[in-house]
Structures are given as C-alpha cells and as structure tokens.
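Notes to accompany the following structure.
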Amino acid sequence: MKKEMSSFDVRAVVTEMAVLENGHMDKIFHWGAGNVLFRINIQGQGKKELFLKDKRWLYMPEARPETPDRPSSFASFLRKYITNARVNKVYQVGFDRIVVMELSKSDGNYTLVFELFSGGNVLLIQDGKIVNCLIHRNWKGRSIRPGEDYSMEKPRFDPTASGYGEFSEMFRSSKADTVRSLATAINLGGQYAEEICLRCGVDKNSAPSDIPDEKLREMYAEMEGFVRAVRDRPEPMVFRSGDVIVDAAPVPLTIYGEGSSESAETMSKALAVFLDSIAEDEEKAYVDPEITKLQRRIDRQTETVEEYRMEAEDLKKRADTIYEDYSRVNDLLTVLAEQSKKLTWDKLQEGAMKIPFVTDIVPSKNKVTGTFCDLRITLDYTKGIDANASDIYRQSKELMDRAKRAEDALAESREQLSKRQKGLDRAKAEALTKAQPTKQFWFERYKWFVSSTDRLVIAGRDAHTNDQIVKKHLKEEDLYAHADVHGAPSVIVKDGKGADDTDKRQACLFALAQSKAWVSALAEGSAFWAYPDQVSKTPQAGEFVPRGAFIIRGKRNYEHHLPLELAVGEMTYQNSRKVMCGPLDAVERLCRRYFVIRPGRGKGGRRANEIAKDLAVPEEEVSRILPPGDVEIVRRVWSSEDDE
C-alpha cells in the first residue's frame, strides 16, 4: 500500500487545482496532527476545498471533511494573513513533490508551499522568508522555522522537460540497476519504473549499460506516454489487491493486473477513495484524550490572547484619534455639555443628530458616538477631552494586562502539552518497534549489505553458512573476499567482476569487521579479495581444509589499513524498507538515517535495542546484522529529509 503521493499524482492534482486560480481564500481549518483545509471562493462556482491530509496527501475533496468549531492557533494565524487573498497561480515545482500557490492581498504578496515529501509540511512565505509553517524542522544547511529564509531542496531531474539525449545520459550514468535508475536517477518513482520495465519487457535487475539503444528509446517513449496522458488525458484509477484498495494513480497501470481496478472521475476522487479505505484504527491509534483536551484549551487561550490584544490596540488607536481630531472632538463635547444642562433628553438628542459626524447619542448615559478619522468613537460629554482619552487609554492598558496573564496561562498549557506529547511519542516509538518488522529476503540468512554501486554483498555467519555461500552462491561473475583472521567469514560480492575499487574495499572491510578483529577491538586491519576460480575446497597432499574454510590459490589482492567501523541505517531495497549494517560509505549513500558504530564497551544487545527503537524495527532485526562483540555508537546521523 502506497505511503505518499508520487510526482505523477502531484502533477495530476495540480492540473485539477487550476480551477482555484482567480478565486479568493475564504477560511482555513486545521486539526489533528497534520490536516489543513483551505476553503476558496470561486466566482460563479461557489466554494471549493483544498485538503492537505496528514501533511502528505493534497487533493480537492468532493465531500467536505468535518472541521473543528474553533480554529487552531495555526489556522487563526493563516486566516489573519491570507483570508480574502486572491489565488493568482498554482503550479508544481519541476517534477518534484512541491506545490506552490501564489497569493496577493492589498498588504502584499504571499506564497503557500506544500512540501509533500519526508513527512510533509505546509509553509506561508512572504518576501522569501517563512512567516509560519505547520512543522518546524532543523536540518544541516536548512532550517524550516518562522523568520528563516526559505530555500527549496535542490531540484531533481525533470523527466517531463528532458529530451531523449538528457534522459539517456542520466540513465546510462547511473550505477544502480535499471529499475532503480528509472526510479531515482530519472525521478519516476518505483511504481512507474516497474511499470516501464514491465511494458517494455526489460529485466529490471539489468545494468543500464546492458540496455540496447532501441530498447532505451522504447522506454523513453513509454515515459513520454505517461507524461502526455497525465497532462492531456488522465484516466484516474483505484487499484485493489483482493478486497483491499492499495493504490490510486492518474493513469491505468498493468503492474496490478486486469480486473483489479476501477475508474474515478478525477485524481482527487481517486485519492479520496484510497484514503477513505485506510483502516480506521490506523488513524485512531494512540489518541490521548488529555492531549485533545489540552489542544482545545490552547486554542481557546490563543484566541483569547489575540482578542485582548486586538481590542487593546483598537482602543489605543481610538484614544490617539481623539487628539488627532482635537478641534472637532473638543467642540462637540463643549456644545453637548452646555446643551445637556438646558434641554430635555429628546431635544438634546434631536439637536445632536443634526451634526453630520454624530451617529448616535444616549442622554441617559451621557454618551455620544461620532466618526473621527474614519473611526467610530463613543465619548462621555460630561467630561473633557483629556478625561475621555484617559478613560480609553486605561481600558486599553487593562486589556493588555489581561492579555499578558492569558499568555502566561497559554505558555503553561503548551508546556503541559509538550510533556504529554513526548510521552505519547515514546509510546508510539516503542509500539512501532514491536509492530513493524521489515520484509524478509533470501540473503538475510547470511550477513549482508548493499555496496555503493548497488551490488549485494553476503558473508557467512558461521562455518556452516561459510560453506553454504561459496558452494551455492559463488558464481563466475562474482568476487570473493576474506580477512586473515581465524574464523573470519567468506564474503561474496554478487556481480563483483564489474565492481570498482570502492566495492572491493568495502567487501574487504566487511570481512574484517565481521571477524574476531571486532571482538578484539582492533583499530584497523587487512583483508583481501580474489576471483572465484581461485577459491577451492580441494586440499593438496598434506593439506587439511576445516569446515567453513577454503584454499585460495594465486594472487591475493590486499586492502590494508581498513578501519574497524561500520554503520547501521534504514534503506529501501526493491521498494521495501530494510535495516542494513555495512561500511560507512555504503550506508551513507543508501540510508537517510543511520548510526556509526565501532568496537567498544557497550553491550551489543543494549545497543541493538537503542538502534531498533530509533529505526522502529524489532530488536532482533538489528541484533542479527550487528558484528560480533561489543558495540559503541559513535554518532547518530539524520539526513536533511528527516526531522531532527
């Protein structure tokens, strides 16, 4: 089941959003962890909604979602800035999952930016600076916080704006296999990469260099077909696997087979059907009533603070205006004070209402209301101008004092919410650790990692699996690696004959790290690689080959000064989430989140538990991939696409 929108999904929805252009922003609602609804008035069509669901899904719902009665502080903030703003333009940035809505008001221009990657976000920008954002984030080189300059992620390759030459050059320069090259280098995503391989009859695991030119042109034509279809003639579909809805896409896809799909009128409707089908318990899990109660209290307190401040500022402005229009105010008060002593209330009222700028008078309360400098101001005509101004200034100060007390209460509520939320987050992390094992692959019976050029590297766990991987898995096109340490595992680099120097060094380092060198806490060591035809189990006269060991005949290609250092990180393998332990440079390239480890005093089990909690996988999965012996965590790295 898909977890986020693809770039093609975004392109289709943005095309539908064109109807919002020239409309005017009406109301904004915000609720839950990341639901934001924008209601927009379209001349001649009434109101339409744009819905950001769970920060990651953006579409125009036909059925209006249930919205809260009171606006959250985030919704109130957006309403203050962009209510009645005109929607000038809506567009997708290149082929990235970023949607921009340009707005204008009398007080300036604003931009709403929807970032639909890495958990999602929505930001309000003015003059290049972040005015507010749904989620605050700090990354290396990029900060998403109010007041910071806003910069987008570096644009990725845009397949919709490239010719065949650019496509071919980008594809052939990729070191990954065909399907991953299409998904990442060409920026099509896994779904459409698989679809193109299937339609063109291409082995998705083949190297880009092995694809003939005519077949590559066929693949390019299929890609162009997707682009044209989404742009000119979309056919939104909802796909099922049995009774479960697993996907929604703007065009028909053959990867789901025949008879397992149904059409939708728009991509927004297809997404709505897909999202509505997600199990309710997924959305309701870990709802803390106390957090909901605190959030409601914070919303009320925020609204109260804003009301007090706005009213206080309004009163101060009225008091200032009394002096700005001193002559008329003073004359009015003087005349009414004198006339009130001589005339009945009816006569006084009749005479006062003939004054052009007087809008109301209540003799029983000695009050008169007039328009001064475009402001309606109520005055006590039995008092002088200074006394009236002083009364209004005093009322303004009292309201500012109330606002300060309300702000103190708001800060206390936010602190309570923060503590409660941290407790809930810990509970979620612990539950996810138990509940989300990753997909299992055949090679996990061995130690393994994926090299910097996407080659699978496997190593034996013991004497039995050392024998097994050489006898079953060492092929002519592979490479063999081993460390000169007693009991060190046999290591195989699949498709290793095409491996570069980095791959060979990584395999040798892995052989060393998975040996007793780690247990002995060495700082560095040596290992070698050899070709498959050099590896033998057959002893010569007088030789003995124990179980799990092999004889290497011929030259051993040594790698020296290999540091005893590995990394454990979260990566994607064949469109499935995995946790990998391997050389640091391999993990750095493939994993957005990882831990750097060395031999140390920390118990392996304790470190496995710590890593598993942060990566949200069962502890057993981490324990199985760690090297033997004690482990020290050197540092934790979360890349710029993940929250701190």
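So for the sequence shown, this note's numbering puts the first residue at 1; every next one is plus one. By construction, the Cβ of each residue, glycine as well, lies at the ideal position given by its N, Cα and C atoms.
Cα-Cα separation between residue i and residue j, rounded to whole angstroms
i, j, result
"Cys373", "Gly46", "36 Å"
"Met17", "Pro234", "14 Å"
"Glu153", "Leu566", "29 Å"
"Gly108", "Lys27", "19 Å"
"Arg11", "Arg231", "8 Å"
"Val305", "Ala75", "15 Å"
"His560", "Val238", "55 Å"
"Lys471", "Ser576", "28 Å"
"Ile355", "Lys365", "19 Å"
"Glu610", "Ile625", "14 Å"
"Glu621", "Val579", "8 Å"
"Glu214", "Arg556", "41 Å"
"Leu522", "Glu169", "44 Å"
"Phe157", "Val19", "28 Å"
"Ser206", "Tyr531", "22 Å"
"Lys404", "Lys342", "46 Å"
"Val202", "Ser181", "13 Å"
"Pro583", "Val637", "15 Å"
"Pro146", "Leu134", "10 Å"
"Gln574", "Ser162", "26 Å"
"Asp288", "Lys53", "20 Å"
"Ser654", "Gln534", "The question about residue 654 has no answer, for the chain in this structure spans 1 to 644."
Pair within 9 Å by beta-carbon distance, residue i and residue j
i, j, result
"Val491", "Gln468", "no"
"Thr359", "Gly370", "yes"
"Trp529", "Leu564", "no"
"Ser308", "Leu399", "First, the amino acid is wrong: residue 308 is Tyr here, not Ser. Yes. Within cutoff."
"Ser536", "Cys508", "no"
"Met98", "Tyr110", "For clarity, residue 98 is Ile in the given sequence; the question names Met instead. Against a cut-off of 9 Å, the Cβ pair of Tyr110 and Ile98 comes out as no contact."
"Leu123", "Tyr150", "yes"
"Gln191", "Leu275", "no"
"Ser452", "Asp243", "no"
"Phe510", "Val450", "no"
Residue i: first and last residue of the uninterrupted alpha helix (DSSP H) it sits in
i, result
"Cys200", "Gly189 to Cys200"
"Lys215", "Asp213 to Asp232"
"Ala183", "Per DSSP, Ala183 belongs to no alpha helix (DSSP H) and is neither H nor E."
"Met267", "Met267 to Ser277"
"Gly46", "Careful: Gly46 lies outside any alpha helix (DSSP H), inside the beta strand (DSSP E) at Gly46 to Lys53."
"Trp442", "Taken as a continuous stretch (DSSP letters only), Trp442 belongs to no alpha helix (DSSP H), as it is neither H nor E."
"Pro289", "Pro289 to Glu324"
"Lys80", "Ser73 to Ile82"
Contact belief for residue i with residue j at Cβ below 8 Å, rounded distance in angstroms
i, j, result
"Ile392", "Asn330", "Actually they do not touch by this definition, with Cβ atoms about 15 Å apart."
"Leu410", "Ile298", "7 Å"
"Ser104", "Asn88", "6 Å"
"Lys204", "Glu194", "7 Å"
"Ile278", "Thr321", "Their Cβ separation, rounded to whole angstroms, is 56 Å, which puts Ile278 and Thr321 out of contact at 8 Å."
"Leu332", "Val368", "7 Å"
"Pro71", "Phe29", "7 Å"
"Ser396", "Ala312", "5 Å"
"Val596", "Val634", "4 Å"
When the options are compared against residue i, the one with the closest alpha-carbon
i, options, result
"Arg592", "Gly582, Glu570 and Gly460", "Glu570"
"Ala63", "Arg86, Ser268, Arg577 and Phe510", "Ser268"
"Leu271", "Gly629, Cys200, Tyr59 and Thr321", "Tyr59"
"Ala185", "Leu198, Tyr81, Pro208 and Leu512", "Pro208"
"His24", "Lys3, Asn121, Thr83 and Pro236", "Thr83"
"Leu294", "Ala521, Glu21, Ser73 and Glu49", "Ser73"
"Ile40", "Glu524, Pro155, Ser143 and Met101", "Met101"
"Ala249", "Gly242, Glu262 and Asp243", "Glu262"
"Glu265", "Val13, Gly44 and Ala389", "Val13"
"Tyr91", "Tyr81, Leu112 and Gly487", "Leu112"
"Pro155", "Glu166, Gly554, Glu49 and Gly94", "Gly94"
"His464", "Pro628, Phe38 and Phe550", "Phe550"
"Glu49", "Glu632, Thr67, Asp614 and Ser327", "Thr67"
"Gly487", "Pro628, Ala499 and Arg420", "Pro628"
"Gly506", "Asn466, Ile552, Cys581 and Thr438", "The question names Gly, but residue 506 in the sequence shown is Gln. The option with the nearest alpha carbon to Gln506 is Cys581."
"Tyr323", "Ala183, Asn388 and Thr502", "Asn388"
"Pro599", "Arg142, Met223, Lys516 and Glu619", "Lys516"
"Arg402", "Asn22, Met310, Phe449 and Glu477", "Met310"
"His668", "Asp500, Ala499 and Lys504", "The structure shown does not extend to residue 668, since the chain is modelled only from 1 to 644, so the question has no answer here."
Range covered by the beta strand (DSSP E) that runs through residue i
i, result
"Met101", "Ile98 to Lys105"
"Thr160", "Looking at the DSSP string, Thr160 is not in any beta strand (DSSP E), and its letter there is neither H nor E."
"Tyr59", "Trp57 to Tyr59"
"Ile377", "Leu375 to Asp380"
"Cys133", "Lys129 to Cys133"
"Gln126", "Asn121 to Gln126"
"Arg86", "Arg86 to Gln92"
Neighbour flag for residue i against chain C, beta carbons, 9 Å
i, result
"Ser520", "Of the protein chains in this structure there is only one, and it is not chain C."
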